[in-house]
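Protein sequence lines, in the order shown, are assigned to chains A, B, C and D.
Start counting the first sequence at 3; every next residue gets the next number (the working numbering).
Start counting the second sequence at 3; every next residue gets the next number (the working numbering).
Start counting the third sequence at 3; every next residue gets the next number (the working numbering).
Start counting the fourth sequence at 3; every next residue gets the next number (the working numbering).
By construction, the Cβ of each residue, glycine as well, lies at the ideal position given by its N, Cα and C atoms.
4 protein chains.
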Amino acid sequence: MSQLRVTVWGENVHEQRDAEMMQRIYPDSMHETIAAGLRKNLDDVEVRTATLQDPEHGLTDEVLDATDVLTWWGHAAHADVSDEIVDKVHQRVLAGMGLLVLHSGHFSKIFIKLMGTSCSLQWRDSNDTENVWTVRPDHPIAEGVPHPIRIEGQEMYGEYFDIPQPDELIFVSSFTGGEVFRSGCTWRRGKGKVFYFSPGDQAYPVYHHPDVQRVLANGVRWAAPSVSGNREVPGIVAKPAPRLTTDDFERVRPGVQG
Amino acid sequence: MSQLRVTVWGENVHEQRDAEMMQRIYPDSMHETIAAGLRKNLDDVEVRTATLQDPEHGLTDEVLDATDVLTWWGHAAHADVSDEIVDKVHQRVLAGMGLLVLHSGHFSKIFIKLMGTSCSLQWRDSNDTENVWTVRPDHPIAEGVPHPIRIEGQEMYGEYFDIPQPDELIFVSSFTGGEVFRSGCTWRRGKGKVFYFSPGDQAYPVYHHPDVQRVLANGVRWAAPSVSGNREVPGIVAKPAPRLTTDDFERVRPGVQG
Amino acid sequence: MSQLRVTVWGENVHEQRDAEMMQRIYPDSMHETIAAGLRKNLDDVEVRTATLQDPEHGLTDEVLDATDVLTWWGHAAHADVSDEIVDKVHQRVLAGMGLLVLHSGHFSKIFIKLMGTSCSLQWRDSNDTENVWTVRPDHPIAEGVPHPIRIEGQEMYGEYFDIPQPDELIFVSSFTGGEVFRSGCTWRRGKGKVFYFSPGDQAYPVYHHPDVQRVLANGVRWAAPSVSGNREVPGIVAKPAPRLTTDDFERVRPGVQG
Amino acid sequence: MSQLRVTVWGENVHEQRDAEMMQRIYPDSMHETIAAGLRKNLDDVEVRTATLQDPEHGLTDEVLDATDVLTWWGHAAHADVSDEIVDKVHQRVLAGMGLLVLHSGHFSKIFIKLMGTSCSLQWRDSNDTENVWTVRPDHPIAEGVPHPIRIEGQEMYGEYFDIPQPDELIFVSSFTGGEVFRSGCTWRRGKGKVFYFSPGDQAYPVYHHPDVQRVLANGVRWAAPSVSGNREVPGIVAKPAPRLTTDDFERVRPGVQG
Numbered sequence: 003m004s005q006l007r008v009t010v011w012g013e014n015v016h017e018q019r020d021a022e023m024m025q026r027i028y029p030d031s032m033h034e035t036i037a038a039g040l041r042k043n044l045d046d047v048e049v050r051t052a053t054l055q056d057p058e059h060g061l062t063d064e065v066l067d068a069t070d071v072l073t074w075w076g077h078a079a080h081a082d083v084s085d086e087i088v089d090k091v092h093q094r095v096l097a098g099m100g101l102l103v104l105h106s107g108h109f110s111k112i113f114i115k116l117m118g119t120s121c122s123l124q125w126r127d128s129n130d131t132e133n134v135w136t137v138r139p140d141h142p143i144a145e146g147v148p149h150p151i152r153i154e155g156q157e158m159y160g161e162y163f164d165i166p167q168p169d170e171l172i173f174v175s176s177f178t179g180g181e182v183f184r185s186g187c188t189w190r191r192g193k194g195k196v197f198y199f200s201p202g203d204q205a206y207p208v209y210h211h212p213d214v215q216r217v218l219a220n221g222v223r224w225a226a227p228s229v230s231g232n233r234e235v236p237g238i239v240a241k242p243a244p245r246l247t248t249d250d251f252e253r254v255r256p257g258v259q260g
Numbered sequence: 003m004s005q006l007r008v009t010v011w012g013e014n015v016h017e018q019r020d021a022e023m024m025q026r027i028y029p030d031s032m033h034e035t036i037a038a039g040l041r042k043n044l045d046d047v048e049v050r051t052a053t054l055q056d057p058e059h060g061l062t063d064e065v066l067d068a069t070d071v072l073t074w075w076g077h078a079a080h081a082d083v084s085d086e087i088v089d090k091v092h093q094r095v096l097a098g099m100g101l102l103v104l105h106s107g108h109f110s111k112i113f114i115k116l117m118g119t120s121c122s123l124q125w126r127d128s129n130d131t132e133n134v135w136t137v138r139p140d141h142p143i144a145e146g147v148p149h150p151i152r153i154e155g156q157e158m159y160g161e162y163f164d165i166p167q168p169d170e171l172i173f174v175s176s177f178t179g180g181e182v183f184r185s186g187c188t189w190r191r192g193k194g195k196v197f198y199f200s201p202g203d204q205a206y207p208v209y210h211h212p213d214v215q216r217v218l219a220n221g222v223r224w225a226a227p228s229v230s231g232n233r234e235v236p237g238i239v240a241k242p243a244p245r246l247t248t249d250d251f252e253r254v255r256p257g258v259q260g
Numbered sequence: 003m004s005q006l007r008v009t010v011w012g013e014n015v016h017e018q019r020d021a022e023m024m025q026r027i028y029p030d031s032m033h034e035t036i037a038a039g040l041r042k043n044l045d046d047v048e049v050r051t052a053t054l055q056d057p058e059h060g061l062t063d064e065v066l067d068a069t070d071v072l073t074w075w076g077h078a079a080h081a082d083v084s085d086e087i088v089d090k091v092h093q094r095v096l097a098g099m100g101l102l103v104l105h106s107g108h109f110s111k112i113f114i115k116l117m118g119t120s121c122s123l124q125w126r127d128s129n130d131t132e133n134v135w136t137v138r139p140d141h142p143i144a145e146g147v148p149h150p151i152r153i154e155g156q157e158m159y160g161e162y163f164d165i166p167q168p169d170e171l172i173f174v175s176s177f178t179g180g181e182v183f184r185s186g187c188t189w190r191r192g193k194g195k196v197f198y199f200s201p202g203d204q205a206y207p208v209y210h211h212p213d214v215q216r217v218l219a220n221g222v223r224w225a226a227p228s229v230s231g232n233r234e235v236p237g238i239v240a241k242p243a244p245r246l247t248t249d250d251f252e253r254v255r256p257g258v259q260g
Numbered sequence: 003m004s005q006l007r008v009t010v011w012g013e014n015v016h017e018q019r020d021a022e023m024m025q026r027i028y029p030d031s032m033h034e035t036i037a038a039g040l041r042k043n044l045d046d047v048e049v050r051t052a053t054l055q056d057p058e059h060g061l062t063d064e065v066l067d068a069t070d071v072l073t074w075w076g077h078a079a080h081a082d083v084s085d086e087i088v089d090k091v092h093q094r095v096l097a098g099m100g101l102l103v104l105h106s107g108h109f110s111k112i113f114i115k116l117m118g119t120s121c122s123l124q125w126r127d128s129n130d131t132e133n134v135w136t137v138r139p140d141h142p143i144a145e146g147v148p149h150p151i152r153i154e155g156q157e158m159y160g161e162y163f164d165i166p167q168p169d170e171l172i173f174v175s176s177f178t179g180g181e182v183f184r185s186g187c188t189w190r191r192g193k194g195k196v197f198y199f200s201p202g203d204q205a206y207p208v209y210h211h212p213d214v215q216r217v218l219a220n221g222v223r224w225a226a227p228s229v230s231g232n233r234e235v236p237g238i239v240a241k242p243a244p245r246l247t248t249d250d251f252e253r254v255r256p257g258v259q260g
């Protein structure tokens, strides 16, 4: 199997704006921490990072053409992502590129565009313990992680999470306050696979958590397009010749016609 | 709309075997308590009860022919339900009768037969608080109940709950111990609708809880078969005449054939 | 139950541009034909029409506030629908307004916005016979129509239809050329229900077909929001107080703690 | 990845009872033909066959312990399969063994047990042409086959096919008579994956068709359990210690308690 190529996109705003906190929690930045976790957990993977501040947000045609799976973390600057880049990413997903949407990325333009709903939820920043439970023990995304994954120190995300019914619900989380959240969900859009995973926040070291890193690695491998899949967006097919003709009709055994 | 006819089936074993505890918690028996809750919350409904000890477990052809929705609570005597009665109930569900399966009914023969999985789960009897959260705020089953429904005093049911992926996931619960459970799920089987709802136990007064009574009433109304639906089990249709003939081929506009 | 209020939206372009053909097939316009079919098949319904050319495309706040279900037919002028009106309709759907999308409406802005996919398909205008088969015989949308619904004279729509996996697949169609199409699909978006139904075209009298009229009527009744549902778009809930506190923990029976 | 081990189960009744016809169409028997197709299309696979007439129907504990994926074709003798063997196979599927159910296997005990529905359908033996269309172009089961797969000479299977809603619908077929059928469906049951594929019949050489052979090979690879998955049936977990304790409550930031 050819090398899996991943682009980890990070908003890179908290890293600048809240530098003191970020230096303590993510000294290498969140996106580099996520990328390092992928390299540690996956064989034969090539991981690059890209940020909002890069030209074209680092998502040039060249980069996207060489990306099998894109991961997306944003929070404070969703509105600053250009609509044109969002449209390009959207087309790539429909054509087969995998997409992982992380935590506050639920409010990103690309996730809302793919879901068609508000993607709103309940939240509280109170240093909760999150227990992430697996409801699909057979699923490759859930491979190699404990039941539950225990995360000491997390922002609470609670239902009602306004998403379309997931094609697959992989994880459900609880929090110290008694809230629950559908924390691991997949959908197919066109030929692409989308995986949303909520654990993770700029104020907590969640992306250093080995089980969280394992889930992201599993998710990236799961979301990769099939090797032989053609990377074209599904499109209109105009006026194809019929596939059933009078020859087919004449072949039918007589006597059973109406 | 004609009157909705409900049969509330109860195992009626704890009522005998643990009479002292049941006298405190369910002096009228669990099944009569559930039935009373339905009558209180639904207009134009006729509710009867039936128990394991009745001839044919109270589920004679006559009773089933006059049942639009059956509710099922069992726990200690699943194996004592006759296979023949289970088959009759199964056929009725496929033909359109609605079925509510309650709490420990997850291990009933009828639920396992309809699901095809082990229906196992985690459990702990430790007087937990259960918070029942709505993940389908638009669903009729969730109408008129708070978000969350708070139940002080409940047996813990936790994932992994070995069920097929629900057609609809309505509620997700959390417990004091941090466990989560897909506590409100629906499936269609044949022409019948099945609703599983976990809150409820012989050792806790859950079936007196007004919000739980409301959910059961909503569920019964939701599960009722359509008025005009014919109550026949889907069956084999042998050798129907084709619905497409040479006339159809000749009507097609010339010039577009392959 | 209060009166069901329906708005039938029509592009009203073919009615102008292809007036001779439309005079033969839909002398009252497609939208008025659809509206008349709804009035004939539904009791206690109030149906109005609105067109692209009306101010705000006829979808003012006043009209939308008084609309329980909106039906949408467009074909030649999807791009002329203002983004602002599309956003308003989108918000109403998430808040609970039902939406029926008809035939070439698969390429409407509102449908694409709700689906997140390209919504492309195969097509051929060759006067095919379409057989519409029911794969959910219990579903209210399929009530009272034959199996199959036979439509002599239809534009072929064929797979691959680039939609998200339907929450419910109600109908599957075949065509004289051997093509198949998932012709009746439902999805929930936010608190709203969406029903896509493909049969119908400006060049064929499909909307006069009594079975097609019956399906649209069933669909409108199915898509209506629940009477008591609050019509607010799901939104962020910030910093709710925890629902589980130390009191809950102290109530748990001692001895079973980890 | 270790070698994929497949057991192809065949009823082997038509091969005896209709020997003349079978000699013409499947001189090596249907099961050996299917097995040969798998060996041709898959690298690193070990395929054995087993039949109804073998001791324990060839499905001893030894064989099942060494089976990653089981394929099942039956037609005339479903009732002759012992319930004890069906239960063993069922348990293996819940524990992670993949299962492909083929054509008339829709009425097998094992398929009905896993589905919980009647699994009935429409049928007609009239030498129809079947066009098998892909509605999941991204799915590994659909890899490398044309759109549509054209099969000249097939028994018609038509809707209403009484199955639970598939977790994934992969293929939809049409027939010369205008019928449609959901011909490629997947479900998860416990930790096992189930794939039903309808094309195939003892009276037509469908299992020699290269595209059909490709689908079966894709299906077998897709259904294989994850390498590291433990092969235990999901079961009851009694009285686990809570995963949330007073320590978790004390860690929560003060001031945000209810």
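Anything in chain D within Cβ reach of residue i, meaning under 8 angstroms, just list it in chain order.
i                : result
Leu123 (chain B) : Ile238 and Val239
Asn133 (chain A) : Arg245 and Leu246
Leu96 (chain B)  : Thr119, Ser120 and Asp164
Val126 (chain B) : Sequence inspection shows Arg at residue 126 (chain B); the Val mentioned does not correspond to that position. Residues of chain D passing the Cβ test: Ala240, Lys241, Pro242 and Pro244.
Show which residues of chain B have a CB atom less than 7 angstroms away from the CB atom of residue i.
i                : result
Pro139 (chain A) : Tyr162
Determine the chain D residues that contact residue i at a beta-carbon separation under 7 angstroms, and present them in chain order.
i                : result
Arg120 (chain A) : First, the residue type needs correcting, since residue 120 (chain A) is Ser and not Arg in the sequence shown. Simply none; closest approach about 25 angstroms.
Ser251 (chain C) : According to the sequence displayed, residue 251 (chain C) carries Phe and not Ser. Going along chain D in sequence order, the residues near Phe251 (chain C) (Cβ under 7 angstroms) are Thr248 and Phe251.
Who does residue i pair with in a DSSP beta bridge?
i                : result
Phe183 (chain B) : B:Ser175
Ala240 (chain A) : C:Trp125
Phe109 (chain C) : Answer by DSSP bridge pairing: none, since Phe109 (chain C) is not bridged.
Trp11 (chain A)  : A:Ala52 and A:Trp74
Val196 (chain C) : C:Leu101 and C:Trp189
Gly203 (chain A) : Checking the sequence shown, residue 203 (chain A) turns out to be Asp, not Gly. Answer is A:Tyr206, bridged to Asp203 (chain A).
Leu6 (chain C)   : C:Val47
Glu86 (chain D)  : Its beta-bridge partners do not exist; DSSP assigns none.
Residues of chain B with CB under 8 angstroms from residue i, in chain order?
i                : result
Ser136 (chain A) : Correcting the residue identity first, residue 136 (chain A) is Thr in this sequence and not Ser. Going along chain B in sequence order, the residues near Thr136 (chain A) (Cβ under 8 angstroms) are Glu161 and Tyr162.
Glu157 (chain A) : Chain B residues near Glu157 (chain A): none, gap ~17 angstroms exceeds 8 angstroms.
For a contact defined as C-beta to C-beta under 7 angstroms, what are the partners of residue i on chain C?
i                : result
Met117 (chain A) : Gly118
Which chain A residues are close to residue i, counting only those with a beta carbon under 8 angstroms from its beta carbon?
i                : result
Asn129 (chain B) : Within 8 angstroms Cβ-Cβ: nothing; Asn129 (chain B) doesn't reach chain A, min ~15 angstroms.
Chain C partners of residue i, CB-CB under 8 angstroms?
i                : result
Ala174 (chain D) : Per the sequence presented here, residue 174 (chain D) reads as Val, with Ala not at that position. Result: Glu161, Val174, Val182 and Arg184.
Since residue i meets chain B, which of its residues come closer than 9 angstroms, beta carbon to beta carbon?
i                : result
Asp169 (chain D) : Pro166 and Gln167
Touching by the beta-carbon criterion (3+ pairs, under 8 angstroms), the region 168-184 of chain C and the region 123-135 of chain D: A contact exists between the region 168-184 of chain C and the region 123-135 of chain D.
Runs of beta strand (DSSP E) wholly within the region 114-163 of chain B (minimum 3 residues, chain order): Taken in chain order, the complete beta strand (DSSP E) segments of 3 or more residues contained in the region 114-163 of chain B are 124-136 and 151-160.
Beta strand (DSSP E) runs wholly inside the region 42-73 of chain B, at least 3 long, in chain order: Counting only runs that start and end inside the region 42-73 of chain B, the beta strand (DSSP E) elements of at least 3 residues fall at 47-53.
Contact list for the region 204-224 of chain A against chain B, Cβ threshold 9 angstroms: Those residues of the region 204-224 of chain A placed with their C-beta closer than 9 angstroms to a C-beta in chain B do not exist.
At least three beta-carbon pairs within less than 8 angstroms, the region 97-117 of chain A to the region 199-210 of chain A: Contact holds: three or more Cβ-Cβ distances are below 8 angstroms.
Members of the region 183-202 of chain D near chain C, C-beta cut-off 7 angstroms: Within the region 183-202 of chain D, Arg184 place their CB atoms closer than 7 angstroms to a CB of chain C, listed in sequence order.
Chain B contacts made by the region 73-90 of chain C, where a contact means CB separation under 8 angstroms: Residues passing the 8 angstroms Cβ filter: none.
The region 33-63 of chain B: positions lying closer than 8 angstroms to chain D by Cβ: Within the region 33-63 of chain B, no residue places its CB atom closer than 8 angstroms to a CB of chain D.
Meets three-Cβ-pair contact criterion under 8 angstroms: the region 240-256 of chain A and the region 36-45 of chain B: They do not touch, by the three-pair rule.
The region 142-156 of chain A in contact with the region 212-231 of chain D per 3-pair CB rule at 8 angstroms: The region 142-156 of chain A makes contact with the region 212-231 of chain D: 3 or more CB pairs, one atom from each, lie closer than 8 angstroms.
Interface residues of the region 15-27 of chain B facing chain D [CB-CB below 7 angstroms]: Residues of the region 15-27 of chain B that bring their beta carbon within less than 7 angstroms of a beta carbon in chain D are absent altogether.
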